[in-house]
Structures are given as structure tokens and as C-alpha cells.
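Counting along the sequence shown from 1, when you hit position 289 you're at 711 in the numbering used here, and nothing is skipped either side.
Everything below concerns the one structure shown next.
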Amino acid sequence: MQVRKLSKWIYLKRGYGTEAIMVTTIFDLVRQTPKTNCGECGLPTCMAFAAAVLSEKARPDQCPYFPEDFIIEKKIEESAVAGPDASPETVLLAGLQAKVKGIDLAARAEGLGGIVVEGKQGMSMQIAYLNELIQISSEVVKSAEGKELDPRDQILLYNYLFFNGKGPLSNEWVGLESFPNSISKVVTLRKYAEDKLALAFQGKPARLKTTCMQMGGQHVDPCHADLCIHMPVLPKLPLKIHFWDADCDDGFPAKVKILYDARAVEFLDLESLVFAAERMVERIVGASA
């Protein structure tokens, strides 16, 4: 292992003005991108580009849509342990894990629907994520069985912890388009989650219902679609799936609409909300294969 420098804080300054944004997580940088995953920067997603910029493996100007009048003004560096060939996501995780060390997990656990557990490596917060018990600590995000999660899932869960949402959910279901500045995100949600789920289960609503219920989902009735399922992605992030099967007589394909609690943006940012839906769909499709 090699000790390398990791930029924990990056200040973006708009031209020669006084406006500045302090970037502390990947999602702060993602907000400066078009969030369309166009790939013009040479990386597959806006999140991957943001991770590369944060870990100094890419320049902001590699994204043609990144604001030209934003420049990196200064950074405060700290040591982090990472391999010399570590991916941007791995390097970023080291910074997020360092940030967790300064957080009182016990004070946040209840509001996020988790509990604090003591283990061999110290204290961690245990929560349910996609029907699996997960432990979040300053060392790693892993399953209760000890399996380390995909770096993308770890970033999502750390962001859930850092957001520190509180209070009960509204129990009012809304589309992603109901949240401010969500136009581009709605397109991403449709392409990578809703359309993908509809195509996978066209003509198979019973299989969708069975698969979701095996993953902790609940059938919702009455329902304005052919099938409605309540899926608990995180304790304070349930998603509701509305599924309409294909109408062969009229030539309409299957359709899916994913709904969020009206308070969802108090627990995660829009990019994370879309990513959470994508991961849910991937799990559902994978479980039914």
C-alpha cells in the first residue's frame, strides 16, 4: 500500500467574483455537470467524472458542459491510504471514510432508521439496504456477513449518512419531476430504471410481483396500475413501482413509473435518488434471471 494525497476539500470559485462552493463529496461536483451521462468527457457517467476530478485523475474542463467560469481556487490535502493505481471511486472512498471518523453515528442512527453496533473494528451504523443488513463505518461499508459493497453503493450509503435526514416520511407519493431542477434526472430515471424494468417484465407481471416480494417488497392495493409494489430501498427511502403491462391490441409496450416520498430530497440529493432506483431495478432484474 502507498500513502498518497487526497483532496478532501475543493473550492470552486466563479471567475473573479466572490461566489464559491465548497465541495466535500462527489455529489457536490456532480451538480456542476449536465447529469446526462453523455460520455463526452471520456468517462461513462457524470458520477465517474466527478470522482475522477475529486481524485485529481481528470480535469474539470474535460466535461464540455462544466461551467467555464468555475476554477479550482485552493485545496486542503490530507493523507489517505490507497494503491498507486486505485480507481477514482476507491480514492474518493478513502476521503469519505476519513470524514465518517468525525461523525457521531449514535446521534444520526435513529433519524436514518439505523442502529449502532459495536464490532471488532469499532462502532458502525447498521441499516437495511435493498433487503440486506449493511454496516457503515469509517473503514468500510459491508454486509452483516462481512462482504464489502460495490464502491458505488458505498458512496450512496455514505451520502445517506452525511445528509443526516430527520423526521417521519410524508407518505405522499410523487414523481421525480415534482422536485426542483429534476428535468435531466427524469430522463435518466426513465432510461436506466423505468424502461429497463418495464422491458424485463413485459408480459410477466406475476414474476415481477413475486420477485419484489422476495426482496422485501409489499403489494399495494388498491392500485391505479396493473401492479403496484412498495420497495424499501433504505429505511427513509422507500420507492413505489407502478407497472402497466403491454397492451397487444393497441400496440402499447409495458410501462413503469417509479414514485418517491415527497420528503425524499431531505434524505438524499437527486443524483442519489436516481442511482438508488437504478440499483433497485438491477437487483430486481438480476434476482428474476
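Yeah, the Cβ is synthetic: ideal placement off N, Cα and C, and Gly gets one too.
Everything numeric in this text was worked out from a predicted model, so none of it was measured.
Spatial neighbours of GLU570 within its chain, please: C-beta separation below 7 Å, excluding the five flanking residues on both sides.
The residues are VAL562 and LYS564.
Which value, in whole angstroms, describes the spacing of the CA atoms of GLU599 and LYS542?
When rounded, the distance between both Cα atoms is 44 Å.
In the DSSP assignment, find the alpha helix (DSSP H) that holds PRO573 and state where it starts and stops.
That run of the alpha helix (DSSP H) goes 573–585.
On the three-state DSSP scale, how would you describe MET635?
Helix at MET635.
Taking C-alpha atoms, which residue in ILE680, THR458, LYS588 and GLU616 lies nearest to LYS662?
Of the candidates ILE680, THR458, LYS588 and GLU616, the one whose C-alpha sits nearest the C-alpha of LYS662 is ILE680.
Given GLY418 as reference, the closest of ARG574, ILE577 and GLU554 once Cα atoms are compared
This structure cannot speak to residue 418, because the chain is shown only from 423 to 711.
When ALA709, ILE537, SER606 and LYS613 are compared against LEU583, the one with the closest alpha-carbon:
Looking at the Cα atoms, ILE537 is the closest of the given residues.
Which of the three DSSP states is assigned to ILE525 in this structure?
In the three-state reduction of the DSSP assignment, ILE525 falls in the coil class.
Roughly how many angstroms separate the alpha carbons of ILE706 and GLY638, rounded to a whole number?
Roughly 11 Å between the two C-alpha positions.
State the CB to CB distance for the pair THR512 and PRO573, rounded to an integer number of angstroms; the pair is presumed to be in contact (CB under 8 Å).
Contact annotation, THR512 with PRO573: C-beta distance approximately 6 Å; criterion of less than 8 Å satisfied.
ALA711 by DSSP, collapsed to three states: which one?
For ALA711, the three-state secondary structure derived from DSSP is coil.
Output the boundary residues of the alpha helix (DSSP H) element that contains ALA472.
For ALA472, the enclosing alpha helix (DSSP H) starts and ends at 468–476.
Identify whether LYS618 lies in helix, strand or coil by the three-state DSSP scheme.
Note: LYS618 maps to helix in three-state DSSP.
Which partner residues does ASP712 have in the DSSP bridge list?
Since the displayed the chain opens at 423 and closes at 711, residue 712 lies outside it and no answer follows.
For SER606 and LYS457, what's the separation of their Cα atoms in angstroms?
C-alpha separation (whole angstroms): 7 Å.
In this structure, how does DSSP classify PHE488 when only helix, strand and coil are distinguished?
Looking at PHE488 - three-state DSSP - the assignment turns out to be coil, as it is neither helix nor strand.
With a cut-off of 8 Å on the beta carbons, I'd call GLY517 and PRO657 a contact; round off their distance for me.
Between PRO657 and GLY517 the Cβ distance is about 25 Å, and since that is not below 8 Å, they are no contact.
Classification of HIS664 by the beta-carbon crowding that lies within 10 angstroms, buried from 16 upward
By the neighbour-count criterion, in which 16 or more other beta carbons inside 10 Å mark a residue as buried, HIS664 falls on the buried side.
Following the continuous beta strand (DSSP E) through LEU534, name the residue where it begins and the one where it ends.
Here LEU534 belongs to no beta strand (DSSP E), and DSSP marks it neither H nor E.
Delimiting residues of the alpha helix (DSSP H) encompassing LYS607
Unbroken alpha helix (DSSP H) run through LYS607: 605–611.
Who are HIS419's beta bridge partners in DSSP?
Here the chain comprises residues numbered 423 to 711, so residue 419 is not present and cannot be evaluated.
In whole angstroms, give me the CA-to-CA distance for GLY673 and ARG481.
Separation of GLY673 and ARG481 (C-alpha to C-alpha, rounded to the nearest whole angstrom) is 47 Å.
Note down the Cα distance separating PHE623 from GLY524, rounded to an integer number of angstroms.
Cα to Cα, the separation comes out at about 44 Å.
Can you tell me whether ASP683 is buried or exposed, with buried defined as 16 or more other CB within 10 angstroms of its CB?
A buried status is given to ASP683, since no fewer than 16 other beta-carbon atoms sit within 10 Å of its beta-carbon.
Look up ALA699 in the DSSP assignment and say whether it is helix, strand or coil.
Helix, per DSSP.
Of the choices CYS468, VAL539 and GLY533, whose alpha-carbon is the least far from that of GLU688?
Nearest Cα to GLU688 within the set CYS468, VAL539 and GLY533: GLY533.
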